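Data block below; observations after.
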Amino acid sequence: MKLGGLLKSLAPTIASAAGGPMAGMAVKMAASKLGLPETTTANEIEDLIERQPERAVALKQADQDFKDRIKEMEIDLESFKTEVEDRKDARQNFATDWTPKVFSILSLLLYGGFVMIVTLLPHDQNDETIISLVLGQLSGILGTAAAFFYGGSSGNK
Numbered sequence: 538m539k540l541g542g543l544l545k546s547l548a549p550t551i552a553s554a555a556g557g558p559m560a561g562m563a564v565k566m567a568a569s570k571l572g573l574p575e576t577t578t579a580n581e582i583e584d585l586i587e588r589q590p591e592r593a594v595a596l597k598q599a600d601q602d603f604k605d606r607i608k609e610m611e612i613d614l615e616s617f618k619t620e621v622e623d624r625k626d627a628r629q630n631f632a633t634d635w636t637p638k639v640f641s642i643l644s645l646l647l648y649g650g651f652v653m654i655v656t657l658l659p660h661d662q663n664d665e666t667i668i669s670l671v672l673g674q675l676s677g678i679l680g681t682a683a684a685f686f687y688g689g690s691s692g693n694k
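Each residue of the sequence shown is one higher than the last, beginning at 538 in our numbering.
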């Protein structure tokens, strides 16, 4: 994409982003500020500014808005990195803790025992809803325990 000096001088942030992965967002913000359709290209924006120089103020405002949006995204990225580091530290700190293992084994035993009781002992027709609820809850607990031990993050322990 060939961009002349006009767009680079009026909206340097948008011009630098126009050739990269954030091109769509940058051009859409500029087009929106100028009252153009979202399908407008950077070259069309530059042509418009050449024909109507008074709209350069809106382009500069779009450039400032784009800078602000990039800063917000960087803040979001930093908070995400902090959250990931926190989880990583938690995994390292609790890797040798016996509580999850005991809880998982106890859940598996309760699940097996409950299934055996429900299967072997007769039950009333009215109890089937409660039995289904308990089996569903215990199945969810076992699924969570399996995800804890065998999930995608288990290699990071």
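Note that the Cβ used here is the ideal one computed from N, Cα and C, for glycine as well.
Remember, predicted model here, so these are calculated numbers, not experimental data.
Please determine, among the options, the residue with the shortest C-alpha to C-alpha distance to residue i.
i: residue 577; options: 591, 669, 560, 589; result: 560
i: residue 583; options: 546, 610, 611; result: 546
i: residue 673; options: 644, 611, 572, 563; result: 644
i: residue 550; options: 621, 605, 610, 591; result: 605
i: residue 639; options: 685, 603, 591, 629; result: 685
i: residue 554; options: 579, 624, 665; result: 579
Have a look at residue i and residue j and give me their C-alpha separation to the nearest angstrom.
i: residue 657; j: residue 632; result: 39 Å
i: residue 680; j: residue 552; result: 49 Å
i: residue 659; j: residue 649; result: 17 Å
i: residue 618; j: residue 607; result: 16 Å
i: residue 677; j: residue 671; result: 10 Å
i: residue 588; j: residue 610; result: 33 Å
i: residue 565; j: residue 575; result: 5 Å
i: residue 636; j: residue 682; result: 12 Å
i: residue 622; j: residue 647; result: 35 Å
i: residue 539; j: residue 594; result: Note on residue 539: pLDDT 42, under 50, position unreliable in the model; the coordinate value appears next. Distance between the alpha carbons of residue 539 and residue 594: 22 Å.
i: residue 591; j: residue 629; result: 59 Å
i: residue 624; j: residue 675; result: 26 Å
Hey, residue i and residue j: beta-carbon distance below 7 Å or not?
i: residue 601; j: residue 570; result: no
i: residue 668; j: residue 655; result: yes
i: residue 548; j: residue 585; result: no
i: residue 563; j: residue 603; result: yes
I want to see whether chain C comes within less than 7 Å of residue i, judged by CB atoms only; does it?
i: residue 590; result: Of the chains in the structure shown, none is chain C; there is only one protein chain.
**Message:** Which complete beta strand (DSSP E) runs does the region 631-687 hold, if anything under 3 residues is left out?
**Reply:** none
**Asked** Curious, which full-length alpha helix (DSSP H) runs of at least 4 residues does the region 576-620 contain?
**Response** As far as the region 576-620 is concerned, its whole alpha helix (DSSP H) runs of at least 4 residues are 579-588.
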